[in-house]
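Participant: Can you keep this structure in mind? I'll have questions shortly.
Residue numbers (the working numbering): 1 to 76.
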């Protein structure tokens, strides 16, 4: 069975509402684990707000937008 790890470098440049700055040393902190055959590292791509609303509430998306904008962006 494989394990997927999703990470984008912008995650490390921001303190997040739920996890704080725990991503600042990632993926280096998991370097050994990421070498395992059963672990795959994925870089997420920008998705539509409609798709995000399938798994997150409108309130959550609005809060994340307010807390992060304009400090991060998937563009550029």
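Even glycine gets a Cβ: it sits at the ideal position worked out from N, Cα and C. Just so you know, these numbers come straight off a predicted model, no measurement behind them.
#1: In this structure, does DSSP put residue 7 in helix, strand or coil?
#2: Closer than 7 Å by C-beta to residue 4: which residues in its own chain qualify, once you throw out the five before and the five after it? Chain order, please.
#3: State the CB to CB distance for the pair residue 27 and residue 7, rounded to an integer number of angstroms; the pair is presumed to be in contact (CB under 8 Å).
#4: Is the Cβ-Cβ distance between residue 38 and residue 1 less than 9 Å?
#5: Just how far apart, CA to CA, sit residue 29 and residue 36?
#6: For residue 61 versus residue 53, is the C-beta distance shorter than 9 Å?
#7: By Cβ distance below 8 Å, which residues in the same chain neighbour residue 49 in space, the five residues on each side in sequence not counted?
Facilitator: Let me lay it out:
#1: In the chain shown, residue 7 corresponds to position 7, counting from 1. Coil at residue 7, not helix or strand.
#2: Counted from its first residue, the chain shown places residue 4 at position 4. Cβ neighbours of residue 4 beyond the five flanking positions: 40, 42.
#3: In the chain shown, counting from the first residue as 1, residue 27 sits at position 27. In the chain shown, counting from the first residue as 1, residue 7 sits at position 7. Their Cβ separation, rounded to whole angstroms, is 6 Å, which keeps residue 27 and residue 7 in contact under 8 Å.
#4: As a working note, residue 38 is residue 38 in the chain shown. As a working note, residue 1 is residue 1 in the chain shown. Contact flag set, yes.
#5: Counted from its first residue, the chain shown places residue 29 at position 29. Counted from its first residue, the chain shown places residue 36 at position 36. Cα to Cα, the separation comes out at about 14 Å.
#6: Counted from its first residue, the chain shown places residue 61 at position 61. Counted from its first residue, the chain shown places residue 53 at position 53. Yes, they are a contact pair.
#7: Within the chain shown, numbered from 1, the residue matching residue 49 stands at position 49. Within the same chain, residue 49 has close Cβ partners 61.
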